[in-house]
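Residue numbers (mature numbering (1 follows the signal peptide of the UniProt record, and there is no 0)): -20 to -1, 1 to 318.
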């Protein structure tokens, strides 16, 4: 009996080794085919010298290289720790669209757009991020110019499918704070109608959010602690004068003070309300460091709802202020707080 057990174990081990070797052989075949496909694509589609940039593991071992080509390096190039405003498409080498910052670009049905609102979006050339392929490509594409990049599957995690990026650098931003300050001021000066008085500055360290009154209501007292407040608002991301809406509150009721709740209500938003009365309408502009910062906001599935470094704009109306019971949600039986 013991001999049969030993024989059975040996057979199982040999089967396991055989399967492992077959899978390894399959992977080697896939990667070899991918390498051939990349060389063939470059041979047929490149019109400029190809720049290769190798990426390494944490142990210093080479993983694979990206290929940057068809790139125009004239004009201003991004330097380390500088930012760029970019648009991009991502395709496979057969021309199938896998991602795009153009919301009108139709993707293959098996893929979901990374940025729900589309672009343009910010990227930073951050050498501390060892696998920022787009950031690396920025060094080789001038402001206002385009370029292409292939990211092999060992770097792009597509299991044998290379990623072809088509990049457009819309603007190089050496000083992001100065750029965002100017962006906000331009929006206040040129895009907010019916301003009443000077903007209220809400300061946190070196950053300033702004409250701009656009309509004065009939309320006598400003919102204070313990008040129940009913608000409607529309929320946007601001990019060079372009507003992209990401949220609408038709009528949300809550009790002040509005402590941040799971990132729903920003601290500066809550502070801005303390300057307002019932019936007031206003615009709040929030720089990224007082908003969602570098992290942005993602859905449960990982889609980016609010991009990194986003400047936020809220247009709001205070519909009611006082001591009253929030209306019940018919499904939960609770007040409709966010």
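Using N, Cα and C, we set each Cβ at its ideal position, and we do this for glycine too.
Where residue i and residue j are concerned, what is the direct C-alpha to C-alpha distance, given to the nearest angstrom?
i, j, result
"residue 202", "residue 294", "19 Å"
"residue 18", "residue 73", "8 Å"
"residue 252", "residue 181", "9 Å"
"residue 292", "residue 12", "47 Å"
"residue 43", "residue 140", "14 Å"
"residue 58", "residue 121", "8 Å"
"residue 227", "residue 170", "23 Å"
"residue 157", "residue 16", "45 Å"
"residue 281", "residue 91", "12 Å"
"residue 39", "residue 10", "25 Å"
"residue 21", "residue 224", "36 Å"
"residue 299", "residue 254", "14 Å"
So, residue i versus residue j, is the Cβ gap smaller than 9 Å?
i, j, result
"residue 48", "residue 70", "no"
"residue 206", "residue 257", "no"
"residue 214", "residue 296", "yes"
"residue 154", "residue 62", "yes"
"residue 222", "residue 265", "no"
Compute the minimum distance between the beta carbon of residue i and the heavy atoms of the ligand FAD, and state whether it is under 8 Å.
i, result
"residue 121", "In the structure shown, the ligand FAD is absent, as is every other ligand, since no ligand is present at all."
Please go through the same chain and pick out, in chain order, the residues whose beta-carbon is closer than 6 Å to the beta-carbon of residue i, but skip the five residues on each side of it.
i, result
"residue 274", "288"
"residue 143", "70, 131, 136"
"residue 146", "69, 128"
"residue 235", "208"
"residue 37", "43"
Would you list the residues sitting across from residue i in a DSSP beta bridge?
i, result
"residue 233", "210"
"residue 262", "193, 296"
"residue 127", "147"
"residue 184", "187"
"residue 224", "217"
"residue 117", "The partner list for residue 117 (beta bridge, DSSP) is empty, contrary to what the question assumes."
Looking only at its chain, what residues have a beta carbon closer than 8 Å to the beta carbon of residue i, apart from the 5 residues adjacent to it on each side?
i, result
"residue 46", "32, 33, 35, 113, 116, 117, 129, 130, 131, 132, 135"
Spatial neighbours of residue i within its chain, please: CB distance less than 7 Å, with the 5 preceding and 5 following residues excluded, ordered by chain position.
i, result
"residue 88", "76, 77, 78"
"residue 176", "193, 194, 196"
"residue 107", "60"
**Prompt:** Can you find at least 3 beta carbon pairs, one from the region 243 to 262 and one from the region 180 to 196, that sit closer than 8 Å?
**Reply:** yes
**Item:** Given 8 Å, three or more beta-carbon pairs between the region 66 to 86 and the region 265 to 272
**Value:** no
**Item:** Given 8 Å, three or more beta-carbon pairs between the region 50 to 70 and the region 93 to 109
**Value:** yes
**Prompt:** Do the region 5 to 25 and the region 149 to 157 meet, that is, are 3 or more Cβ pairs less than 8 Å apart?
**Reply:** no
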